[in-house]
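Here is the structure we will look at.
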Amino acid sequence: MTSSLETEPVSYPPAEEFAATANAGSELQEAADADRLAFWATQANRLHWHEQWTEVLDWKGADSDYIAKWFVGGKLNVAYNCVDRHVIDGYGNQVAIHWEGEPGDSRELTYAQLLAEVSRAANYFTEIGLTAGDRVAIYMPMIPEAIVTMLACARLGLIHSVVFAGFSSSALRQRVDDAEARLVVTTDGQWRRGKPAPLKAAVDEALAKGEHSVEHVLVVRRTESEVVWTENRDVWWHDTVANASDQHEAQPFDSEHPLFVLYTSGTTGKPKGIVHTSGGYLTQTSYTHHYVFDHKPGKDVYWCTADIGWVTGHSYIVYGPLSNRVTQVVYEGTPNSPDEHRHWNIVEKYGVSIYYTAPTLVRTFMKWGRQIPQAHDLSSIRLLGSVGEPINPEAWRWYREVIGGNKAPIVDTWWQTETGAIMMSPLPGVTSTKPGAAMGPLPGISAKVVDENGVEVVLGETEANGYLVLDEPWPAMLRGIWGDTERYKSTYWDRYAEQGWYFAGDGARIDVDGAYWILGRVDDVMNVSGHRISTAEVESALVGHHSVAEAAVVGATDATTGQGIVAFVILKASSGSSDELIGELVAHVAHDIGPIAKPKAIHIVPELPKTRSGKIMRRLLRDIAEGRELGDTSTLVDPSVFESIREKSAT
Ligand code: WT7
Numbered sequence: 285m286t287s288s289l290e291t292e293p294v295s296y297p298p299a300e301e302f303a304a305t306a307n308a309g310s311e312l313q314e315a316a317d318a319d320r321l322a323f324w325a326t327q328a329n330r331l332h333w334h335e336q337w338t339e340v341l342d343w344k345g346a347d348s349d350y351i352a353k354w355f356v357g358g359k360l361n362v363a364y365n366c367v368d369r370h371v372i373d374g375y376g377n378q379v380a381i382h383w384e385g386e387p388g389d390s391r392e393l394t395y396a397q398l399l400a401e402v403s404r405a406a407n408y409f410t411e412i413g414l415t416a417g418d419r420v421a422i423y424m425p426m427i428p429e430a431i432v433t434m435l436a437c438a439r440l441g442l443i444h445s446v447v448f449a450g451f452s453s454s455a456l457r458q459r460v461d462d463a464e465a466r467l468v469v470t471t472d473g474q475w476r477r478g479k480p481a482p483l484k485a486a487v488d489e490a491l492a493k494g495e496h497s498v499e500h501v502l503v504v505r506r507t508e509s510e511v512v513w514t515e516n517r518d519v520w521w522h523d524t525v526a527n528a529s530d531q532h533e534a535q536p537f538d539s540e541h542p543l544f545v546l547y548t549s550g551t552t553g554k555p556k557g558i559v560h561t562s563g564g565y566l567t568q569t570s571y572t573h574h575y576v577f578d579h580k581p582g583k584d585v586y587w588c589t590a591d592i593g594w595v596t597g598h599s600y601i602v603y604g605p606l607s608n609r610v611t612q613v614v615y616e617g618t619p620n621s622p623d624e625h626r627h628w629n630i631v632e633k634y635g636v637s638i639y640y641t642a643p644t645l646v647r648t649f650m651k652w653g654r655q656i657p658q659a660h661d662l663s664s665i666r667l668l669g670s671v672g673e674p675i676n677p678e679a680w681r682w683y684r685e686v687i688g689g690n691k692a693p694i695v696d697t698w699w700q701t702e703t704g705a706i707m708m709s710p711l712p713g714v715t716s717t718k719p720g721a722a723m724g725p726l727p728g729i730s731a732k733v734v735d736e737n738g739v740e741v742v743l744g745e746t747e748a749n750g751y752l753v754l755d756e757p758w759p760a761m762l763r764g765i766w767g768d769t770e771r772y773k774s775t776y777w778d779r780y781a782e783q784g785w786y787f788a789g790d791g792a793r794i795d796v797d798g799a800y801w802i803l804g805r806v807d808d809v810m811n812v813s814g815h816r817i818s819t820a821e822v823e824s825a826l827v828g829h830h831s832v833a834e835a836a837v838v839g840a841t842d843a844t845t846g847q848g849i850v851a852f853v854i855l856k857a858s859s860g861s862s863d864e865l866i867g868e869l870v871a872h873v874a875h876d877i878g879p880i881a882k883p884k885a886i887h888i889v890p891e892l893p894k895t896r897s898g899k900i901m902r903r904l905l906r907d908i909a910e911g912r913e914l915g916d917t918s919t920l921v922d923p924s925v926f927e928s929i930r931e932k933s934a935t
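In terms of my numbering, the sequence shown opens at residue 285 and continues consecutively.
Written out as structure tokens, the structure reads:
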């Protein structure tokens, strides 16, 4: 586990002015402590239920394969809650989405317009025969149609599987096959740094070989790039959805009806399809978005800079915010397109008041220099959020000072694809914050830091690091891995089976004041720019190259991206070890998985350090990659391999 913790005595108490109007108060924790399930029932009542539930929670732990049921018997429609409800309540003219295209075009969608678009898509999906429970893959850039498609799926009880548009065609195919998607929704191309890049071509490539489940590919025109057309399979959005009726009545679905599958990396090469359901998920995303971001509908302008390809986009661009009648900015492109001022231009243009991003971007802004944000009026910002990886205290302070004008509270939110919604965070207006700490579980959430035997790590023993576990079920918790109950149980529940706790895979520490610090992954999962990538996935891509005999991959600390991918490869006898080949291997990984999985360094080595049982010693490779003195090598078969690895990687 990484332990780059800086001791940080300073704590920032909430400003009185902020606290005076904050959504959260101390009564929230009191209510949750008094009766946790009654507390969640209150939160669920923030939503519209077509039919009231009869039981808040049905949890049998191991006896029901660790699959919880929340708000049992309740019926709701997630899209109705995110769209129709606000129109019915008289807010049809409120802007839901201020959309900024990368090339400088923009669009505005009110709730009434969003309802019409979602209804059209729902009518078309029905027309082509999709029914509740069918899977739809969404492989799109950040354009309004992507959000419309997600909501249209939710409206019909179709299970969406959003695949990040930066992933490769083979990554798409893997996910399409696993969930057996009947429809793929995509665009002709996507804008990236001022240039159009093909996207539909990747769908064509994904579906080119072998049997698959896809009946239709629905294509939104975005870049006017040329596309190859497969008759009877491919349809244009503007020829179909755009002409469908804008009237559609939402039907209620069971609280436990699956809402989406989202694939995330685990410790093996095969991504896991994390399953989320409706009532509990929407309850917790709505609750957390309201209190953690102190969101005031009709007043705030909210901007979460994530992509809908990740869970942050699902929970904090689509479901949480829209359920709370947000007015939000959605931006299509990169932060330096056309230049490094882009985010601050957008903040000024729309008067963004709540800004939620990842530490890696904060560190990138730091590198670009404070003069860039300081050239703008950022006074509209009143709250800042951080997610995806631990935020180092230096970045935290810079964020607060330069972006937050020394007054906006920072909420460092810890959660995971699996948790579905924020689990730990300070409550703005209530919690004093420490730079770099997620502070503690939110009201209604229960967590512990324990050792490998499940014994709680003693508070106050500052060097005592432990593992983070969740010891009570929570509404937005995953309801399994798509098609793989055994993997679900072994990944999350076997470790503390005796106690019945969920193992989060993160190391953590509780300090003398009771504040929680998340220390990073304790498994073979890397965190690169807040994105989860498994070492095994990159290794399997590398050995898929004809020159590679064996590969070992580690995440090495990187000043900007948190971790960077460093690979050690053994070549097959006939292959040379030129720079050219290394470049080829990097490109090969990018093509196989996606550019986000590109190794920042590849070292060609004659041998890999292994234990006597044949396990690669990643910890030692990480020491080398980070240029540290080697740790304990006594369990190695042949300690001298290090000398050769060091020599090779020094160059
Ligand atoms: C992993 C989950 C949660 C949405 C984005 C990532 C790390 C996440 C924090 C934070 C320290 C964090 C953890 C976690 N992580 N937020 N505030 N402080 N670490 O979702 O891809 O499922 O990754 O991201 O290691 O387990 P994800």
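Idealized CB from N, CA, C, for every residue including glycine.
Within the same chain, show all residues whose beta-carbon is closer than 8 Å to that of residue i, passing over the 5 residues directly before and after it, in chain order.
i: Q658; result: V686
i: V631; result: W587, Y639, H660, L662, S664, I665
Closest to residue i by C-alpha separation, out of the options, would be which residue?
i: S295; options: A322, K718, T394, L606; result: K718
i: L668; options: I656, Q655, W682; result: W682
i: A528; options: R404, H382, V870; result: R404
i: A843; options: Q783, V714, I675; result: I675
i: R654; options: E673, R902, R684, A492; result: R684
i: S824; options: A322, A346, T551, G764; result: T551
i: A303; options: P712, I412, Q336, R330; result: P712
i: E510; options: V796, T471, T524; result: T471
i: V741; options: T394, G791, F577, A325; result: G791
i: T769; options: S348, P893, W324, A325; result: S348
Ordered along the chain, which non-local residues of its own chain (more than five positions away) have a Cβ less than 6 Å from that of residue i?
i: V469; result: I422, T433, L502
i: R666; result: S637, A692
i: S274; result: Since the first residue shown for the chain is 285 and the last is 935, residue 274 is missing from the structure and cannot be characterised.
Regarding residue i and the ligand WT7, is the C-beta to nearest heavy atom distance less than 7 Å?
i: A788; result: yes
i: D696; result: yes
i: P605; result: no
i: A322; result: no
i: E821; result: no
i: V595; result: yes
i: G672; result: yes
i: A722; result: yes
i: W758; result: no
i: T567; result: no
i: W682; result: no
i: N737; result: no
i: N811; result: yes
i: Q700; result: yes
Going by beta carbon distance, what residues of the same chain come within less than 7 Å of residue i, once the five residues before and after it are set aside?
i: Q313; result: P727
i: H500; result: I412, L467, R517, V519
i: K633; result: none
Verify whether the separation of the beta carbon atoms of residue i and residue j is less than 8 Å.
i: P536; j: T561; result: no
i: A836; j: R896; result: no
i: V447; j: G357; result: no
i: F544; j: H598; result: yes
i: A465; j: S452; result: no
i: L467; j: V525; result: no
i: T567; j: L803; result: no
i: A822; j: P893; result: Ala is not the amino acid found at residue 822; the sequence shown has Val there. No; because the gap between Cβ atoms is not below 8 Å, this pair is not in contact.
i: T648; j: S670; result: no
i: P757; j: W337; result: no
i: D808; j: W785; result: no
From the DSSP output, read off the bridge partner residues of residue i.
i: R779; result: BP columns for R779 are empty, so no partner.
i: H522; result: In DSSP, H522 forms no bridge with anything.
i: K359; result: E335, D538
i: T641; result: S670
i: D790; result: R805
i: S861; result: In the DSSP output, where bridge partners are listed per residue, S861 has none listed.
i: H500; result: L467
i: M708; result: W698, P725
i: K732; result: V753
i: P482; result: G473
i: I886; result: A851
i: R903; result: In the DSSP output, where bridge partners are listed per residue, R903 has none listed.
i: H444; result: V420, F544
Got a sec: is the Cβ-Cβ distance from residue i to anything in chain B below 8 Å?
i: Y296; result: Absent from the structure: chain B. Only one protein chain is present.
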